[in-house]
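Here's the structure, in C-alpha cells; my notes come after.
Numbering (the numbering used here), first residue to last: 53 to 111.
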C-alpha cells in the first residue's frame with residue numbers, strides 16, 4: 053500500500069509542477085502588457101493622491 057501511495061503522490065507532484073510551469077509560462081507570455089498597464093495606472097493613482105492639490109479635490 054505504501055508503494056501505491058508514493059506512486060500517486062509522485063504523479064500528483066509531477067502533474068502539479070508541470071501545470072504550474074505551464075501556467076506561469078503563459079501568464080508571463082500573455083500577461084506582460086496588462087501587468088505593465090496596471091502598474092502604470094497604479095503609479096498615476098499614487099501621483100494623483102500625493103499631489104499638492106489633493107486637499108482641494110477632497111469633498
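Just so it is clear, CB atoms sit at the ideal spot from N, CA and C, and this is done for glycine as well.
To the nearest angstrom, how far is the alpha carbon of residue i from that of residue j?
| i | j | result |
| --- | --- | --- |
| residue 91 | residue 57 | 45 angstroms |
| residue 99 | residue 89 | 15 angstroms |
| residue 101 | residue 62 | 50 angstroms |
| residue 78 | residue 60 | 27 angstroms |
| residue 95 | residue 81 | 23 angstroms |
| residue 65 | residue 87 | 29 angstroms |
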